[in-house]
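*Asks:*
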Amino acid sequence: MAGDQMAGEQDDGHAARPLRRPVVVVGGGPTGLSLAIDLALHGVPVVLLDDDDTVSPGSRAVCYAKRTLEVWDRLGVGEAVVAQGVGWQRGRVHHGDRLVSEFDLRPEPGHQMPAFTNLQQYLLEETLIARAQALAGVDLRWRHRLIGMMAEADHVALRVDTPDGPYDMECAWLVAADGARSLVRRLLALEFIGQTVRDRFLICDVATEADFPKLRQFWFDPPFHRERSVLMHRQPGNMWRIDLQLGWYADTAAETSPARVAMRLRRILGEGVAFSVESAEIYTFQCRRLERFLHGRVLFAGDAAHQVSPFGARGANSGVQDADNLAWKLRLVLAGLAPVALLESYNCERLAAADENLREAARAAGFIAPRTPMARALRDAALHLAGRFSFARTLINSGRLSAPTVYVESPLNTPDATADGFAGGVPPGAPCVDAPLGQQGEADWLLRHLGFRFTALVFAGDPPSPGQMAQLAGLPVPVHTVIIRAAGSPDEADGGFTDTEGRACDRYDARPGTTYLVRPDQHVAARWRRFDPAAITVALARAIALPAAA
Amino acid sequence: MTLDTSPRLADPDGIFTALARAYRQLDESQARTFDARLILLLANHVGDEAVLREAIAIAGEGLVPRDQIGDLDAVP
Ligand SMILES: Cc1cc2nc3c(=O)[nH]c(=O)nc-3n(C[C@H](O)[C@H](O)[C@H](O)COP(=O)(O)OP(=O)(O)OC[C@H]3O[C@@H](n4cnc5c(N)ncnc54)[C@H](O)[C@@H]3O)c2cc1C
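Residue numbers (this note's numbering), protein chains in the order written: chain A, 983 to 1532; chain B, 4 to 79.
#1: List, in chain order, every chain A residue whose beta-carbon is nearer than 9 Å to that of D38 of chain B.
#2: CB of A1336 of chain A to nearest heavy atom of ligand 1: below 7 Å?
#3: Once DSSP output is grouped into helix, strand and coil, what is the label at L1429 of chain A?
#4: Between Y1265 of chain A and ligand 1, is there a pair consisting of the residue's CB and a ligand heavy atom that are separated by less than 7 Å?
#5: Which word fits R1042 of chain A, buried or exposed, when buried means at least 16 other C-beta atoms lie within 10 angstroms of its C-beta?
#6: Please state whether DSSP places N1100 of chain A in a helix, a strand or coil.
#7: Taking D7 of chain B as the reference, which of B:I61, B:Y26, B:D14 and B:Q28 has the closest Cα?
#8: Using CA coordinates, which residue listed in A:I1465, A:R1435, A:G1470 and A:P1445 is at the minimum distance from V1459 of chain A?
#9: Touch check for the segment 1498-1507 of chain A and the segment 1399-1416 of chain A: three-plus C-beta pairs under 8 Å?
#10: Taking buried to mean at least 16 other C-beta atoms within 10 Å of its own C-beta, is D1304 of chain A buried or exposed?
#11: CA-CA distance, R1428 of chain A and I1526 of chain A?
#12: Cα separation between Q1227 of chain A and R1370 of chain A?
#13: Secondary structure at D1416 of chain A, three-state DSSP: helix, strand or coil?
#14: Start and end of the beta strand (DSSP E) containing E1152 of chain A?
#15: Contact check, G1058 of chain A vs A1159 of chain A under 8 Å by CB: the rounded distance?
#16: What would DSSP say about E1191 of chain A, mapped onto helix, strand or coil?
#17: For the alpha helix (DSSP H) that contains H1366 of chain A, what are its first and last residues?
#18: Taking 8 Å as the threshold (beta carbon to beta carbon), is I42 of chain B in contact with chain A?
#19: Expressed to the nearest angstrom, what Euclidean distance is found between the alpha-carbon atoms of D994 of chain A and M1214 of chain A?
#20: DSSP three-state call for P1393 of chain A: helix, strand or coil?
#21: Less than 6 Å between C-beta atoms, sequence neighbours within five positions excluded: which residues of the same chain meet that for S1380 of chain A?
#22: For G1420 of chain A and D1481 of chain A, what's the separation of their Cα atoms in angstroms?
#23: What runs of the beta strand (DSSP E), each 3 residues or longer, lie entirely inside the segment 1003-1070 of chain A?
#24: Name the residue from A:N1395, A:A1347 and A:N1100 whose alpha carbon lies nearest to the alpha carbon of N1299 of chain A.
#25: Measuring only from the beta carbon, is D1032 of chain A closer than 7 Å to any heavy atom that is part of ligand 1?
#26: Roughly how many whole angstroms lie between the Cα atoms of V1520 of chain A and V1390 of chain A?
#27: For Y1265 of chain A and F1183 of chain A, which I take to be in contact (beta-carbon distance under 8 Å), what is that distance rounded to the nearest angstrom?
#28: Can you find the residues in the same chain that come closer than 7 Å, C-beta to C-beta, to Q1071 of chain A, ignoring five residues on each side of it along the sequence?
#29: Check distances from the C-beta atoms of the segment 24-36 of chain B to those of chain A and list, in chain order, the residues that come in under 7 Å.
#30: Note down the Cα distance separating L1365 of chain A from A25 of chain B, rounded to an integer number of angstroms.
#31: What residue range does the alpha helix (DSSP H) around E1209 of chain A cover?
#32: Along the chain, where does the alpha helix (DSSP H) that runs through F1200 of chain A open and close?
#33: Anything in chain B within Cβ reach of H1077 of chain A, meaning under 9 Å, just list it in chain order.
#34: Does H1288 of chain A get closer than 8 Å to chain B when you measure Cβ to Cβ?
#35: Can you look up T36 of chain B in the DSSP assignment and give me helix, strand or coil?
#36: Specify the secondary structure class of I1465 of chain A as computed by DSSP and reduced to three states.
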């Protein structure tokens, strides 16, 4: 099939029989674009279909979390996104006209990426598209709409419509990243389980020169929008995202009339503040997911697989983290280096993430829009007590912001040995935490040296010998070794790094010899108190779902 | 830890009366507000999640359908 993989768009539809691609991704939103870039960087050629030739319309995602930015940095767009966006890490919550709590999402320095960056979804997508287009491995096809599919045992047959007529194509694996209304999901007649949040929100993008603080501000029952909530976020270019809760019975038509929108915004922004409304739309939100994300040769990712309400910014963030989880697994399975069971771990790990996001969204919805009079009383009691008592401030839930899921139950993890006595650090299943490093006097970041391949992260002590490193590098799925030396120890010419501020050691609960096995998506597979190539080899087999040796 | 349901109050009549009296001047909505504040203050003081969940379950007996008692924070 090597010839087919080289074929371009013009070849589909002209071959005697449909060409067979390794991977087709349907949907060029944040999820599909991130996945296509990741696959191409892994050396897997990918066809990306999108029915449109425009980026995401109107006002959608704004807030991207640190972990997502780290994934994008691995994909080569992290700095571009951060440079265009507005970074922030602090938030304020108000009740009535009182400030009741303030939070800081990243109280500690020594991370390359900010806690959050705000950027309009269409600008984000443009950045991802530019990156995808620069990669030979991504065959981006705009205005190619999937219209039919047939799932077979060893492939999926697709029919694609284009302005020049339809064509057929086949793929070994199909990834449905085709959004909340996923056609693939409907063609397979899969149930989307969950519920609609019985509330309506007016979501506005507002341009104003007026200066409001660069943080997330949330109001419960403010004087300018009694009985309901308001959320305000900074976007680049003097743009503000303002979400107003309207309640389930809001009159959608009346609420979107320009005069009424302007009246509501004037109350928030203050009399005499000039502004213009770029968009104002009413949304209701869904909290639901598929029962499984893997169906034969079809994988679901992003909104096609799960949807949450946006308080907490968990939609696009979790879609990108789906992609991060899936790309390396598809690559190893396609290369015949891992069994199909590895893809089952995608289902297991990302279902756990979706459930965490759904639970957080449900809890936040219950606080923002209490469903019973007593729930409302409890909510108001927490807000009231928060003025005096710190315990009550911890109860205030205006949306817990997207944080990466730790794959606690993952079958790919090798559990810690009790004798190793890890206290904290980064447990198996968790994403690696960044830390500043130095090499030959140059400042660097730890996460920049993890990812795409399996890595043995070794805090030396007695550094591994060149022979041991070569042994790991020579495995069928190679393990690359990264050595970190304590601050103050001399630089050596072995490619290792110095833990200049001691933060890497702290964050990884490291002692001399502590070794982490890190997956290609930067999640931890296993860790030990000493560097042991035999243990690494066993943990590696488990992390790629090879059956345990008899 | 489990919920301690042994008698622990030195002056049970006094506490019962104090609780009942606290509501004397309150209308229904104020009583609800009072309930809510008291519950949160006491819940935080107890601190132990297992104990609180047990208390929630016992308080709901005969009121909350049995199959929902263990399900108070399920994913929708
Ligand atoms: C008001 C609002 C605010 C939000 N705020 C945030 C936030 O701050 N942070 C956050 O992380 N998330 C946020 N979200 C959620 C976020 O927008 C979505 O989760 C995200 O867009 C999902 O990305 P996706 O790539 O999975 O799907 P989508 O972005 O929906 O992309 C799907 C793509 O598939 C294409 N497609 C569909 N069908 C076909 C077909 N048959 N053939 C070919 N192509 C097809 C579509 O054209 C589209 O381009 C918000 C959402 C809303 C509505």
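Think of the CB as a built atom: it goes at the ideal place given N, C-alpha and C, for glycine as much as any other residue.
*Replies:* This is what the structure holds:
#1: Here residue 38 of chain B corresponds to residue number 35 of the second sequence, with the count starting at 1. Those are M1356, A1359, L1360 and A1363, listed as they occur along chain A.
#2: Locating residue 1336 of chain A in the first sequence gives position 354, counting from the first residue. False, no ligand heavy atom lies under 7 Å from that Cβ.
#3: For the purposes of this step, residue 1429 of chain A is taken as residue 447 along the first sequence, with counting starting at 1. DSSP places L1429 of chain A within a helical segment (H, G or I) once states are collapsed to three.
#4: Taking the first residue of the first sequence as 1, we reach residue 1265 of chain A at position 283. Correct: Y1265 of chain A has its Cβ closer than 7 Å to ligand 1.
#5: Position 60 of the first sequence, counted from the first residue, corresponds to residue 1042 of chain A. By the neighbour-count rule (16 or more Cβ atoms within 10 Å), R1042 of chain A is buried.
#6: Here residue 1100 of chain A is taken as the residue at index 118 of the first sequence, counted from 1. Of the three classes helix, strand and coil, the one that applies to N1100 of chain A here is strand, per DSSP.
#7: The sequence position of residue 7 of chain B within the second sequence is 4, counting from 1. The option with the nearest alpha carbon to D7 of chain B is B:I61.
#8: In the first sequence, counting from the first residue as 1, residue 1459 of chain A sits at position 477. Taking only the C-alpha atoms, the option nearest V1459 of chain A is A:R1435.
#9: Verdict: yes, contact present.
#10: For this step, residue 1304 of chain A is matched to residue 322 along the first sequence. By the 10 Å Cβ count, D1304 of chain A comes out buried.
#11: As a first step, residue 1428 of chain A must be located in the first sequence, where it is residue number 446. As a first step, residue 1526 of chain A must be located in the first sequence, where it is residue number 544. One detail in the question is off: residue 1428 of chain A reads as Leu in this sequence, not Arg. Distance between the alpha carbons of L1428 of chain A and I1526 of chain A is about 23 Å.
#12: As a working note, residue 1227 of chain A is residue 245 in the first sequence. As a working note, residue 1370 of chain A is residue 388 in the first sequence. Their backbone Cα atoms lie some 27 Å apart in a straight line.
#13: As a position in the first sequence, residue 1416 of chain A is number 434, starting the count at 1. If DSSP states are grouped into helix, strand and coil, D1416 of chain A belongs with coil.
#14: To locate residue 1152 of chain A, count along the first sequence from 1; it is residue 170. Segment Y1149 to A1158, the beta strand (DSSP E) holding E1152 of chain A.
#15: In the first sequence, residue 1058 of chain A corresponds to position 76, counting from 1. In the first sequence, residue 1159 of chain A corresponds to position 177, counting from 1. So it is not a contact: roughly 19 Å between Cβ atoms.
#16: Residue 1191 of chain A sits at position 209 when you count from the first residue of the first sequence. E1191 of chain A falls in the coil class under three-state DSSP.
#17: Translated into positions along the first sequence, residue 1366 of chain A becomes position 384. Start and end: P1355 to A1368.
#18: Residue mapping note: residue 42 of chain B aligns to position 39 of the second sequence, counting from 1. Yes, I42 of chain B counts as interfacial toward chain A.
#19: Position 12 of the first sequence, counting from 1, holds the residue named residue 994 of chain A. Position 232 of the first sequence, counting from 1, holds the residue named residue 1214 of chain A. In a straight line, the C-alpha of D994 of chain A is about 47 Å away from that of M1214 of chain A.
#20: Taking the first residue of the first sequence as 1, we reach residue 1393 of chain A at position 411. Collapsing the DSSP output to three states places P1393 of chain A in coil.
#21: On the first sequence, position 398 is the one that residue 1380 of chain A refers to. Close CB contacts of S1380 of chain A within its chain, under the 6 Å cut and outside five residues either way in sequence, are with V1075 and F1200 (chain order).
#22: Within the first sequence, numbered from 1, the residue matching residue 1420 of chain A stands at position 438. Within the first sequence, numbered from 1, the residue matching residue 1481 of chain A stands at position 499. Going by the C-alpha atoms only, they are around 7 Å apart.
#23: Here the runs fully enclosed are 1028-1032, 1045-1047 and 1068-1070.
#24: Residue mapping note: residue 1299 of chain A aligns to position 317 of the first sequence, counting from 1. Among A:N1395, A:A1347 and A:N1100, the Cα nearest to that of N1299 of chain A belongs to A:N1100.
#25: Residue mapping note: residue 1032 of chain A aligns to position 50 of the first sequence, counting from 1. Shortest gap from the CB of D1032 of chain A to any heavy atom of ligand 1: under 7 Å.
#26: For the purposes of this step, residue 1520 of chain A is taken as the residue at position 538 of the first sequence. For the purposes of this step, residue 1390 of chain A is taken as the residue at position 408 of the first sequence. Each residue's Cα considered, the two are about 19 Å apart.
#27: As a first step, residue 1265 of chain A must be located in the first sequence, where it is residue number 283. As a first step, residue 1183 of chain A must be located in the first sequence, where it is residue number 201. Rounded, the Cβ-Cβ distance is 5 Å, consistent with contact.
#28: Within the first sequence, the letter at position 89 stands for residue 1071 of chain A. Excluding residues within five positions, the ones whose Cβ falls inside 7 Å are D1086, L1087, R1088, P1096, A1097 and F1098.
#29: Those would be R35 and T36, in chain order.
#30: To locate residue 1365 of chain A, count along the first sequence from 1; it is residue 383. To locate residue 25 of chain B, count along the second sequence from 1; it is residue 22. One alpha carbon belongs to L1365 of chain A, the other to A25 of chain B, and they sit about 21 Å apart.
#31: Start at 1 with the first residue of the first sequence, and residue 1209 of chain A comes out as number 227. Looking at the DSSP string, E1209 of chain A is not in any alpha helix (DSSP H), and its letter there is neither H nor E.
#32: Here residue 1200 of chain A refers to the residue found at position 218 of the first sequence. Run containing F1200 of chain A: none in the alpha helix (DSSP H); it sits in the beta strand (DSSP E), R1198 to F1202.
#33: By one-based count along the first sequence, residue 1077 of chain A stands at place 95. From the beta-carbon of H1077 of chain A, no residue of chain B is found nearer than 9 Å; the closest lies around 14 Å away.
#34: Looking up residue 1288 of chain A in the first sequence gives position 306. Answer no: the Cβ-Cβ gap between H1288 of chain A and chain B never drops below 8 Å.
#35: Within the second sequence, the letter at position 33 stands for residue 36 of chain B. DSSP places T36 of chain B in helix when its eight states are reduced to three.
#36: As a position in the first sequence, residue 1465 of chain A is number 483, starting the count at 1. Correct three-state label for I1465 of chain A: strand.
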